[in-house]
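In our numbering, the protein residues as written are 5 to 425. Heads up: the structure comes next, in structure tokens.
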Amino acid sequence: MFALVDCNNFYVSCERVFEPKLKYSPVVVLSNNDGCIIARSNEAKALGIKMGEPAFKIKHIIEKNNITVFSTNFALYGDFSNRVMNILTSLVSNIEVYSIDEAFLDCSIWKEKYFHKQAMYLCKIIKKRTGIPVSIGISTTKTLAKVANHIAKQSSQLGGVYILNDHIMIEKMLKQFPVEKVWGIGRKSRILLNYYGIRTALQLRNMDRKWVKKHLTIKGLQIVQELNGEPCFAIESIINPKKEICTSRSFGVMVTDLQSLKESVSMYATRCAEKLRKQKSCAGSVKVFIHSNYFRQDLPQYNNCCTMVFPVKTNDTAEIIHYALKGLKKIYRPNYQYKKAGVIISNFVHQNMVQYSLFDNINREKSKKIMYSIDKINAAMGRDYIRYGIQGFNRSWKLHQERLSPCYTSRWSDLLRVTTS
DNA sequence: TCTGGGGTCCTAGGACCC
DNA sequence: TCTGGGGTCCTAGGACCC
Numbered sequence: 005m006f007a008l009v010d011c012n013n014f015y016v017s018c019e020r021v022f023e024p025k026l027k028y029s030p031v032v033v034l035s036n037n038d039g040c041i042i043a044r045s046n047e048a049k050a051l052g053i054k055m056g057e058p059a060f061k062i063k064h065i066i067e068k069n070n071i072t073v074f075s076t077n078f079a080l081y082g083d084f085s086n087r088v089m090n091i092l093t094s095l096v097s098n099i100e101v102y103s104i105d106e107a108f109l110d111c112s113i114w115k116e117k118y119f120h121k122q123a124m125y126l127c128k129i130i131k132k133r134t135g136i137p138v139s140i141g142i143s144t145t146k147t148l149a150k151v152a153n154h155i156a157k158q159s160s161q162l163g164g165v166y167i168l169n170d171h172i173m174i175e176k177m178l179k180q181f182p183v184e185k186v187w188g189i190g191r192k193s194r195i196l197l198n199y200y201g202i203r204t205a206l207q208l209r210n211m212d213r214k215w216v217k218k219h220l221t222i223k224g225l226q227i228v229q230e231l232n233g234e235p236c237f238a239i240e241s242i243i244n245p246k247k248e249i250c251t252s253r254s255f256g257v258m259v260t261d262l263q264s265l266k267e268s269v270s271m272y273a274t275r276c277a278e279k280l281r282k283q284k285s286c287a288g289s290v291k292v293f294i295h296s297n298y299f300r301q302d303l304p305q306y307n308n309c310c311t312m313v314f315p316v317k318t319n320d321t322a323e324i325i326h327y328a329l330k331g332l333k334k335i336y337r338p339n340y341q342y343k344k345a346g347v348i349i350s351n352f353v354h355q356n357m358v359q360y361s362l363f364d365n366i367n368r369e370k371s372k373k374i375m376y377s378i379d380k381i382n383a384a385m386g387r388d389y390i391r392y393g394i395q396g397f398n399r400s401w402k403l404h405q406e407r408l409s410p411c412y413t414s415r416w417s418d419l420l421r422v423t424t425s
């Protein structure tokens, strides 16, 4: 049996912990650059605000309904996520942290008659210790646990928990469940399935498996099997190292000059290198990309990318910046208004498994020591306390964050003060 | 005026081998 | 006139997730 624990409207719930007066009022959280809606409270959903909608397009709805708007505050959400996951880890032996706000639990060791009680207890304790409301769905496969979780969220009478383990109930629920809400069925698959008259999860479950494999690949077949109660996906409790790391941002303003692009690309390369060292890997190549604003079809468009291969796999910030900038120089064209740039590193090996080169003239031992020192100093003093000059100090291109809440739980100066009179 | 960011997996097709 | 067969590896791009 699998349980899926999912935090309700997670980012909004994090903001509400420190603004309890917003508990019953509409709240949304925006993406980076204050661009799109990425989280909505139930009240905001009820007002018809869609996920991913550009904020400027619904400005009138926001103003009319007095909706509270927050810029994204990942320091806060990341910290709350850790708190929730730590509670689950302390209470359940086999857990897979699936995303920032979701975890799968192996609950096969629970006695079936206690499923409901155990799940209710988890909801209660997480709410009590963090202030975050969660929903739990339980079933025989991960895909069905996802369905159960959706059901748990839909009805407030369920108290946040729904167990789907009876054949008749499974059939009944899948019949009401739109096929596009099934885990792994996205936009394209929905269009295809709808074309063939398949609209519910039950119809998908009963499809001919050869047909599914042909049209929806092995992934689709696994979904069908999981809907039939045949587990294809296990709990993956070991955190695998990442296979690629990407840092990219849209600019707050349009950027034309090479210097600003250099600064931003260097900064993204620095972030990538930090994450890379954290997982003790070295990368084999770096890809840099830039593009103009494709929403502005009135302006000339340009987008391009370039991959540079390192002579020896590395996690040295300076070296990664060097090759990223080399790539940038190759693809940069003047007279375009750039909206976004990014850096992706890939082809990782463990840092102790790097194949050196006879013709390498970089002192790798020295570089390792420098990186170690920089990471240590920045961890103690704050990000970019030590930085490369090319990253710049001006950052005219940086993103908009006009409605950022304080980092209540991760910055000393932002701690709440309580006074008594 | 204004439109996010970071991942994984799968497949088709090209390049190459004998 | 007539142009094979079987395999591996790599990569770009698509689809999907949160």
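All C-beta atoms, glycine included, are put in the ideal place defined by N, C-alpha and C.
Unbroken alpha helix (DSSP H) run spanning residue i, endpoints
| i | result |
| --- | --- |
| His4 | Past the edges of the chain, shown from 5 to 425, lies residue 4, and the structure says nothing about it. |
| Leu332 | Thr321 to Ile335 |
| Thr93 | Phe78 to Leu95 |
| Tyr376 | Arg368 to Met385 |
| Thr192 | Per the sequence shown, residue 192 should be read as Lys rather than Thr. Unbroken alpha helix (DSSP H) run through Lys192: Arg191 to Tyr199. |
| Tyr15 | Phe14 to Val21 |
| Arg421 | Element bounds for Arg421: n/a, residue is neither H nor E. |
| Lys68 | Lys63 to Lys68 |
| Arg209 | Ala205 to Arg209 |
Supposed contact pair residue j and residue i - C-beta distance, whole angstroms, cut 8 Å
| i | j | result |
| --- | --- | --- |
| Asn169 | Ser143 | 6 Å |
| Leu403 | Ser254 | 7 Å |
| Glu23 | Ile41 | 18 Å between Cβ atoms; not a contact. |
| Ile394 | Lys266 | 6 Å |
| Met89 | Val101 | 5 Å |
| Asp105 | Asp10 | 6 Å |
| Val186 | Ile222 | With 8 Å as the limit, Val186 and Ile222 do not qualify as a contact, their Cβ atoms being about 16 Å apart. |
| Ala50 | Val32 | 12 Å between Cβ atoms; not a contact. |
| Leu126 | Leu95 | 7 Å |
Bridge partners - residue i, DSSP secondary structure assignment
| i | result |
| --- | --- |
| Leu109 | Ala7 and Ile99 |
| Ser350 | Glu248 and Ser289 |
| Tyr342 | Val259 and Ser296 |
| Val73 | Val32 |
| Met312 | Val290 |
| Arg44 | Val32 |
| Thr318 | Ala287 |
| Pro58 | Cys40 |
| Asn307 | His295 |
Beta-carbon gap between residue i and residue j smaller than 7 Å
| i | j | result |
| --- | --- | --- |
| Leu220 | Leu178 | no |
| Ile130 | Ile167 | no |
| Tyr327 | Val269 | no |
| Ile243 | Phe108 | no |
| Pro30 | Ile71 | yes |
| Ala149 | Phe6 | yes |
| Gln1 | Ser193 | Coverage of the chain is limited to positions 5 through 425, which leaves residue 1 absent and any answer about it impossible. |
| Arg368 | Asn319 | no |
| Gly288 | Met312 | no |
| Ser45 | Val16 | yes |
| Gln341 | Thr260 | yes |
| Thr145 | Pro235 | yes |
| Val183 | Ile202 | yes |
| Val316 | Thr251 | no |
| Asn153 | Leu8 | yes |
| Ala79 | Ser414 | yes |
| Val257 | Gly135 | no |
| Lys334 | Cys309 | no |
| Ala277 | Thr321 | yes |
| Leu231 | Arg209 | yes |
| Ile390 | Ile378 | yes |
| Ser285 | Lys343 | no |
| Asn13 | Ala43 | yes |
| Glu262 | Tyr336 | In the sequence on display, residue 262 carries Leu and not Glu. For Leu262 and Tyr336, yes; Cβs fall inside 7 Å. |
Residue span of the beta strand (DSSP E) that contains residue i, given as start and end
| i | result |
| --- | --- |
| Leu34 | Val31 to Leu34 |
Closer than 6 Å: residue i CB and nearest the ligand SAM heavy atom
| i | result |
| --- | --- |
| Thr311 | Absence of the ligand SAM from the depicted structure is noted, as is the absence of any ligand whatsoever, leaving it without description. |
Query raised in the report: Hey, which unbroken runs of the beta strand (DSSP E) at 3 residues or more fall wholly within the region 117–187?
Result: 138–143 and 165–168
Requested in this report: Identify every run of the alpha helix (DSSP H) within the region 220–280, keeping only runs that are complete inside it and at least 4 residues long; order them along the chain.
Outcome: none
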